[in-house]
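There are 2 protein chains.
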Amino acid sequence: MSVANPILIPELRVMLAEGDTAGLREVAAELHPATVAEFSEGLEDGELWQMLEALPVERQAEIFPYYPMPRQVELVKAGDRAHLGPLIEWMAPDNRDDLLRELDPELVEEILPLVAKAERHDIRMLLSCPEGSAGSLMTTEYASLPADVTAGEAITRLRSQAPDSESIYYIYVLDGERQLLGFVSLRDLILAKPTALVADLMQRDPISVRVEEPREKVVEKLARFDFIAIPVVDDRNRLVGIVTHDDVLDAVRQEATDDAQRIAAIQPLGESYLEAALVSMTWKRGVWLAILFATAAVTAMVLAKWRSPHAWLVAFIPLVIASGGNSGNQSATLVITALSTGDCRLTDWPRILRRELALGLLLGGLLAVPGYLLALAYAPTAAAAAVIPLTIVGVVLMGTLVGSALPLLFRSLDLDPALMSNPFVSAIVDIVGIVLYMSVALALLG
Amino acid sequence: MSVANPILIPELRVMLAEGDTAGLREVAAELHPATVAEFSEGLEDGELWQMLEALPVERQAEIFPYYPMPRQVELVKAGDRAHLGPLIEWMAPDNRDDLLRELDPELVEEILPLVAKAERHDIRMLLSCPEGSAGSLMTTEYASLPADVTAGEAITRLRSQAPDSESIYYIYVLDGERQLLGFVSLRDLILAKPTALVADLMQRDPISVRVEEPREKVVEKLARFDFIAIPVVDDRNRLVGIVTHDDVLDAVRQEATDDAQRIAAIQPLGESYLEAALVSMTWKRGVWLAILFATAAVTAMVLAKWRSPHAWLVAFIPLVIASGGNSGNQSATLVITALSTGDCRLTDWPRILRRELALGLLLGGLLAVPGYLLALAYAPTAAAAAVIPLTIVGVVLMGTLVGSALPLLFRSLDLDPALMSNPFVSAIVDIVGIVLYMSVALALLG
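Chains as they are written, first to last, in my numbering: chain A, 66 to 511; chain C, 66 to 511.
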């Protein structure tokens with residue numbers, strides 16, 4: 066997605082006012098579509114449509130997906146219906162699918178009749194794939210060949226298919242039923258003898274993903290095998306589309322942002338920070354702040370009620386609780402990132418818990434030392450001060466274990482491990498921490 | 066990077082014991098190099114070398130980079146020096162550079178004389194690029210052409226250069242000084258008339274990165290323009306290498322993991338979670354836990370010292386402080402992710418601070434309501450209870466402002482915004498929060 070750059074806006078406005086179609090076409094032809102989007106984003110909706118309509122529809126369809134999604138939606142709503150049909154028809158299927166998913170279903174039903182029938186079938190197929198699945202990321206534009214042609218013939222056929230730049234580099238080899246037999250790279254076709262058979266050049270049993278597999282699987286496979294694109298097949302191994310490297314890169318960046326936001330107890334914004342509405346942002350942050358507030362309120366109530374003869378113990382409650390919460394957040398984040406990058410699998414759980422057990426003891430021991438020294442300054446006796454280091458070890462250990470176990474539990478339930486783990490960790494560690502603290506104090510001091 | 070899969074280990078061991086070179090070659094030829102690495106990772110070092118040495122050196126060089134980096138280093142240390150030279154020579158320059166950067170400089174100096182002279186120059190050039198720069202990500206394997214050849218000739222020349230699969234898809238057009246004039250895609254060459262001149266087909270003034278530019282710039286440009294590779298030039302616009310999509314994808318995943326770990330107050334592990342040594346992990350977590358512990362200790366000391374006539378106020382300290390810390394962490398994370406994805410720029414700081422000002426008031430107001438209700442249960446009068454909601458609004462507002470300003474400050478100092486922001490935010494919010502709380506209480510209750 067581009068960031069608006071206002072530098073050319075005055076020139077564009079002059080060209081629009083003068084009706085300088087030739088000038089606009091020249092600008093649009095010379096610059097990368099992403100750059101055209103960047104420079105024109107600052108125009109009003111009406112001006113922007115006027116600029117787009119001065120260009121050939123193929124070029125419009127290349128530029129349009131580079132506007133930020135909220136702007137694309139706004140432009141579609143403001144646009145002339147008669148013009149929208151051809152534009153949508155020319156857009157790459159994956160970009161079109163991303164846009165249509167953001168529109169009201171009624172608006173989609175209004176636009177679809179304006180699109181050519183063949184494309185309409187593709188659109189409905191892509192829209193029917195669940196959000197976040199391989200199907201929702203894929204494009205239906207790919208190059209394919211039967212196995213029994215020669216390399217020379219293959220290149221001639223490619224010339225007539227003239228596929229999109231993203232999808233010409235791997236050519237998928239299909240049988241009569243469109244089942245995926247293998248693939249051949251454009252490089253191999255170019256380097257091969259023109260008389261060589263595609264069947265002999267192709268790599269058989271290619272790595273593919275199923276249309277319903279989740280986005281993370283697609284990312285993992287494409288990243289592991291360094292592919293430019295990965296084929297998507299249905300349950301009978303028939304090719305239905307491909308996911309290209311650029312969409313995977315976008316998905317990875319989106320996923321990473323979502324994960325970081327979840328780790329910081331924010332419901333993922335799903336849009337650009339500066340573009341998110343204040344109300345929706347307040348809600349997405351407020352709901353988790355309120356949950357964290359509720360667990361901290363439990364601590365406050367315990368503190369207010371505690372009429373202990375050992376008043377100094379009360380002062381240490383937040384310190385002890387925070388140590389558990391911080392180490393728990395660290396563990397949860399490490400396990401979440403390790404699961405999402407494929408560094409660990411669910412089946413590694415015994416190793417993970419053993420590590421976190423050891424780390425909990427080490428880190429707890431590390432913090433217990435300054436904790437004990439600080440307690441000595443306030444506690445009546447050195448023996449009484451031992452409540453603090455003992456509780457710290459216990460709470461940090463509980464933090465690391467709860468923090469690592471919760472994401473594993475979420476993954477085993479087929480939920481996103483980043484989903485709610487950290488607020489959950491805080492809530493559990495806060496409340497169990499207080500109970501532990503009071504039990505240790507009771508046991509040692511009576 | 067692959068995850069070890071032990072399923073074929075028994076079969077591989079039988080083949081190795083029987084000296085079945087033909088069988089091993091067949092396995093290695095049929096599977097993707099990433100898959101061969103996955104299946105053979107479970108072998109002992111000696112066995113693994115025995116397997117690799119049964120294969121042609123080109124194939125060895127394809128498989129080797131797919132082992133996890135710590136294993137690659139271990140294998141190099143255990144390997145036969147005479148064998149290492151050719152293996153390193155055949156590895157793709159970017160993979161080789163990644164490996165050599167992990168080895169002791171003495172070991173590198175021991176291996177380099179075993180590598181052919183032409184490659185040695187490339188190796189030294191790549192190794193001299195600072196870690197995290199475009200130069201450290203790039204490969205020196207790319208296809209290039211002069212501008213004055215025809216499309217037909219260009220394809221013939223490409224056949225003889227037979228470049229690596231990663232780098233054949235864009236061909237860079239250079240002048241006599243190797244300055245970058247433009248590029249032409251393999252697709253355009255194939256679709257063009259064989260007599261068309263490359264000079265007419267190429268895209269001029271291509272988007273490129275400078276060799277010293279940071280990794281994030283490379284990611285941003287490649288992601289924005291959906292390229293398979295991006296050219297890297299020196300200060301005189303001479304082509305020195307390219308960065309390919311697969312290395313960018315790896316860099317993005319690594320960067321996202323590092324950011325998430327920094328947000329959770331962990332110094333980035335820089336290696337796989339399960340492979341990191343316990344000692345280094347204890348250090349990387351312990352140092353930030355200790356800093357967070359120190360700021361919480363300040364709270365504890367204030368609590369212990371506070372001999373207020375309003376004892377109930379003490380109980381609310383952790384609740385009030387935690388609200389500020391949580392909202393500050395949210396703001397810091399949002400700004401860090403927005404800066405790293407390019408959603409915001411440093412120059413957007415007035416808009417960002419205005420947003421966070423509004424959000425601080427909204428979120429503070431939201432939490433003030435339950436805070437007031439809870440305070441009513443403990444405070445002697447309704448007016449006294451007002452200390453709590455007033456402080457909550459102030460602390461949350463301070464959290465959002467400090468949380469958003471610190472990453473902006475770090476970025477303006479050319480430091481990574483994710484670096485230390487969250488522990489810093491916590492420390493500042495904790496300490497200022499207590500001062501604010503005591504001032505409000507003093508002002509309202511005397």
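Here a beta-carbon is modelled for each residue, glycine too, at the ideal position from N, C-alpha and C. All values reported here derive from a predicted model rather than from experimental measurement.
With distances taken between CB atoms, is the gap from residue i to residue j smaller than 8 Å?
i      : j      : result
Y237/C : F248/C : yes
G436/A : I453/A : yes
E278/A : S198/A : yes
S396/C : S504/C : no
A330/A : L384/C : no
R448/A : A440/A : For the record, residue 448/A in the displayed sequence is Ala; it is not Arg. Against a cut-off of 8 Å, the Cβ pair of A440/A and A448/A comes out as no contact.
I188/A : L165/A : yes
V180/C : E206/C : no
T398/C : Q226/A : no
Y132/C : A102/C : yes
I need the DSSP call for residue i, collapsed to helix, strand or coil.
i      : result
A440/A : helix
Q332/A : coil
A216/C : helix
P211/A : coil
S67/A  : Note that S67/A scores 45 on pLDDT, short of 50, meaning its location in the model is unreliable and no value can be drawn from it.
L120/C : coil
L399/C : helix
T446/C : coil
Y502/C : helix
P482/A : coil
A342/C : coil
Y132/A : coil
W371/A : coil
H97/A  : coil
D408/A : coil
I356/A : helix
L108/A : coil
D169/A : coil
Nearest CA to the CA of residue i: which residue from the options?
i      : options                           : result
E123/A : T100/A, V141/A, E103/A and A94/A  : A94/A
V363/A : Q137/A, K349/A, I382/A and A451/A : I382/A
I356/A : L428/C, D495/C, P178/C and D413/C : L428/C
T558/A : T456/A, E281/A, V141/A and V138/A : There is no way to answer for residue 558/A, as the model of chain A reaches only from 66 to 511.
D162/A : L140/A, D169/A, S201/A and G150/A : S201/A
D323/A : D299/A, K349/A, V298/A and R301/A : K349/A
E112/A : E83/A, H186/A, V490/A and Q332/A  : E83/A
E167/C : A492/C, R136/C, H148/C and G389/C : R136/C
I272/A : G241/A, F292/A, D265/A and K258/A : F292/A
L140/A : E171/A, S388/A, L108/A and A208/A : L108/A
K142/C : A102/C, E171/C, N302/C and Q319/C : E171/C
A371/C : A216/C, I499/C and F489/C         : At residue 371/C the sequence reads Trp, which differs from the Ala that was named. Ranking A216/C, I499/C and F489/C by Cα distance to W371/C puts I499/C first.
L89/C  : N70/C, E106/C, Q115/C and A99/C   : Q115/C
T360/A : F129/A, V497/A, R420/A and V274/A : V497/A
L246/C : E106/C, P211/C and L223/C         : P211/C
Q332/C : L339/C, M346/C, Q319/C and E340/C : M346/C
D479/C : S491/C, R416/C, R410/C and V490/C : R410/C
Bridge partners of residue i, per DSSP?
i      : result
L245/C : L239/C
I307/C : T204/C and P296/C
P279/A : S198/A
R269/A : G247/A
V274/A : V297/A
L517/A : Past the edges of chain A, shown from 66 to 511, lies residue 517/A, and the structure says nothing about it.
At a Cβ cut of 7 Å, what residues of the region 387 to 408 of chain C count as close to chain A, listed as they run along the chain? Those would be A387, S388, N391, S392, N394, Q395, T398, L399, T402, A403, T406, G407 and D408, in chain order.
Taking Cβ-Cβ distances below 9 Å as the criterion, which residues of the region 413 to 432 of chain A are in contact with chain C? So the list reads D413, R416, I417, R420, A423, L424, L427, L428, L431 and L432, given in the order they occur along the chain.
Taking any Cβ of chain C, which residues in the region 301 to 314 of chain A have a Cβ under 8 Å from it, in chain order? From the region 301 to 314 of chain A, only H310, D311, V313 and L314 have a Cβ closer than 8 Å to chain C.
Would you list, in chain order, the members of the region 83 to 103 of chain C that have their beta-carbon closer than 9 Å to a beta-carbon of chain A? Cβ contacts with chain A: E95, H97, P98, A99, T100 and E103.
Going along the region 245 to 266 of chain C in order, which residues come within less than 7 Å of chain A, judged by CB to CB distance? Listed in sequence order: S250, L251, R252, I255 and L256.
Looking at chain E, which residues of the region 277 to 292 of chain A have a Cβ within less than 7 Å of any of its Cβ atoms? The displayed structure is made up of protein chains A and C, and chain E is not among them.
Interface residues of the region 368 to 383 of chain C facing chain A [CB-CB below 9 Å]: Only those residues of the region 368 to 383 of chain C whose C-beta falls short of 9 Å from the nearest C-beta of chain A are listed: L368, A369, K370, W371, A376, W377, V379, A380, F381, I382 and P383.
Contact residues within the region 322 to 338 of chain C, judged by C-beta distance below 7 Å to chain A: Answer set for the region 322 to 338 of chain C: T322, D324, A325, Q326, I328, A329, A330, I331, S337 and Y338.
To be precise: take each residue of the region 435 to 459 of chain C, compare its Cβ to all Cβ atoms of chain A, and keep it if any distance is under 7 Å. Which residues remain? Along the region 435 to 459 of chain C, going in chain order, the ones with a CB nearer than 7 Å to a CB of chain A are P435, L439 and Y443.
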